[in-house]
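*Asks:* Residue numbers (mature numbering (1 follows the signal peptide of the UniProt record, and there is no 0)): -18 to -1, 1 to 323. Backbone N, C-alpha and C fix where the C-beta goes; we use that ideal spot for every residue, glycine too. Supplied in structure tokens, the structure appears directly below.
Rendered as structure tokens:
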């Protein structure tokens, strides 16, 4: 008796698992001609999520293997994944940063006039769009085509960052539209950027040159990193009222040298270690480095580089939700001769 029951249950399970999308759709209420509202689009923080009703695809004489993003049928990442567990069968697509170009989606960049502190600047938007296409048309049926688009502030393609003073790299958190997992700031001791900076327990000597690299990873090749402003503060927080500007636009400290900015997916500059005047009665001084960072499309980055207008430089010194600030530190220096510098 137990053996008979076991065989019966096993048979039922195998039968349930063997059901295909075609089997389920044959009697489903959505087994009909495709419509525009069959598509659901979610512009997520690290991916674009697309979902289309599966049964209209079968109704038109197609199946999931004949549906792909922008007709890229030979690329597995551009195909959807069938979900038969929900009450309504669907075909899901998920687009990451790498798959924007891989699946031939379109990225259109537009300029708009900034507001408030960036009223003299241009704010850039990225509109990512594409189509879910079927293969060769089936006789007697319309060919299903689904169009989608998502609009992001261009600088939000980099995650908002929160300060993490325990290491050189900030911790990234998902917030608003984003396609980038991390923006890194690294410190080096040489112009070739091959020797990471190690800060001695007693601190760096004054005038030690510090080489800074701000680099984005997993960034689409259309975008470059652009630094609007880099400065130091006596606390880990960039809003601290005691600060020293290394450079703001084209205005810079006499010891600051900018090597790369807005021309690749990393920016590079260097400056000399110093003491804050506010800490002149101490043998040691500690400060934190902050860089206000944005993205620019590589073909138009030159037009977005600082134009040296004083008003613009002053406005960039204010904080805005349209730029991201990345932080490194603490950086410890020692004042061997007691001078304030």
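#1: For residue 173, count neighbouring C-beta atoms within 10 Å of its own C-beta (all shown protein chains included) and say buried if the count is 16 or more, exposed if not.
#2: In terms of residue numbering, what span does the beta strand (DSSP E) encompassing residue 167 cover?
#3: Distance, Cα to Cα, residue 215 vs residue 183?
#4: Quick one: Cα of residue 277 to Cα of residue 188, how far?
#5: Per DSSP, which one or two residues make a beta bridge with residue 178?
#6: Residue 274 to residue 62, Cα distance in whole Å?
#7: Inspect the beta-carbon positions of residue 64 and residue 117 and report whether they are closer than 8 Å.
#8: Give the range of the alpha helix (DSSP H) segment to which residue 5 is assigned.
#9: Whole angstroms are fine: how far does the CA of residue 36 sit from the CA of residue 270?
#10: From residue 235 to residue 228, what does the alpha carbon distance come to, in whole angstroms?
#11: For the segment 221 to 284, which segments carrying the beta strand (DSSP E) assignment without a break, of at least 3 residues, lie completely within its bounds, in sequence order?
#12: Among the residues of its own chain, which have a CB less than 6 Å from the CB of residue 208, if the five just before and after it don't count?
#13: Could you check whether residue 60 and residue 25 sit closer than 8 Å to each other, using their CB atoms as the reference points?
#14: What do you reckon, are the CB atoms on residue 315 and residue 267 nearer than 8 Å?
#15: Please return the same chain residues whose Cβ sits closer than 6 Å to the Cβ of residue 185, not counting the five positions on each side in sequence.
#16: Suppose contacts are defined by Cβ-Cβ distances below 8 Å. Is residue 213 in contact with residue 226 by that definition?
#17: For residue 38, name the three-state secondary structure that DSSP assigns.
#18: From the DSSP secondary-structure annotation, give me the bridge partner or partners of residue 90.
#19: Quick check on the burial criterion: 16 or more other C-beta atoms within 10 angstroms. Buried or exposed for residue 198?
#20: Quick one: what's got a C-beta closer than 7 Å to residue 131's C-beta in the same chain, skipping five residues either side?
#21: Which same chain residues, not among the five before or five after residue 72, have their C-beta less than 7 Å away from its C-beta?
#22: According to DSSP, is residue 375 helix, strand or coil?
#23: Identify the continuous beta strand (DSSP E) that holds residue 184 and give its terminal residues.
#24: Please classify residue 180 as buried or exposed, where buried requires at least 16 neighbouring CB atoms within 10 angstroms.
#25: Going along the chain, which residues of its own chain have a beta-carbon closer than 6 Å to the beta-carbon of residue 307, five neighbours each way excluded?
#26: Have a look at residue 256 and residue 286 and give me their C-alpha separation to the nearest angstrom.
#27: Kindly give me the distance between the Cβ atoms of residue 76 and residue 31, rounded to whole angstroms, as I take these residues to be in contact under 8 Å.
#28: Classify residue 127: buried if its beta carbon has 16 or more other beta carbons within 10 angstroms, exposed otherwise.
#29: Mapping the DSSP letters down to three states, classify residue 59 as helix, strand or coil.
#30: Across which residues does DSSP place residue 310 in a beta bridge pair?
*Replies:* Inspection of the coordinates gives the following:
#1: The residue is exposed, with fewer than 16 neighbouring Cβ atoms inside 10 Å.
#2: 165 to 170
#3: Taking the straight line from one Cα to the other gives about 20 Å.
#4: 33 Å
#5: Residue 178 is bridged by DSSP to 170.
#6: 38 Å
#7: For residue 64 and residue 117, no; Cβs fall outside 8 Å.
#8: 3 to 7
#9: 54 Å
#10: Within the model, the alpha-carbon separation for residue 235 versus residue 228 is close to 5 Å.
#11: 225 to 230, 239 to 242, 248 to 254, 266 to 279
#12: 244, 276, 278
#13: Going by C-beta atoms, residue 25 is not nearer than 8 Å to residue 60.
#14: Taking 8 Å as the Cβ cut-off, residue 315 and residue 267 qualify as a contacting pair.
#15: Contacts found: 266, 314, 315, 316.
#16: yes
#17: helix
#18: 109
#19: Around the C-beta of residue 198, 16 or more other C-beta atoms lie within 10 Å, and the residue is accordingly described as buried.
#20: In its chain, beyond the 5 residues on either side, 109, 110, 111 have a beta carbon closer than 7 Å to the beta carbon of residue 131.
#21: 33, 34, 35, 36, 65
#22: As displayed, the chain neither begins before -18 nor continues past 323, which places residue 375 out of reach and without an answer.
#23: Segment: none, residue 184 is in no beta strand (DSSP E) and carries neither H nor E.
#24: So residue 180 counts as exposed.
#25: Excluding residues within five positions, the ones whose Cβ falls inside 6 Å are 220, 272, 274.
#26: 31 Å
#27: 6 Å
#28: exposed
#29: helix
#30: 271
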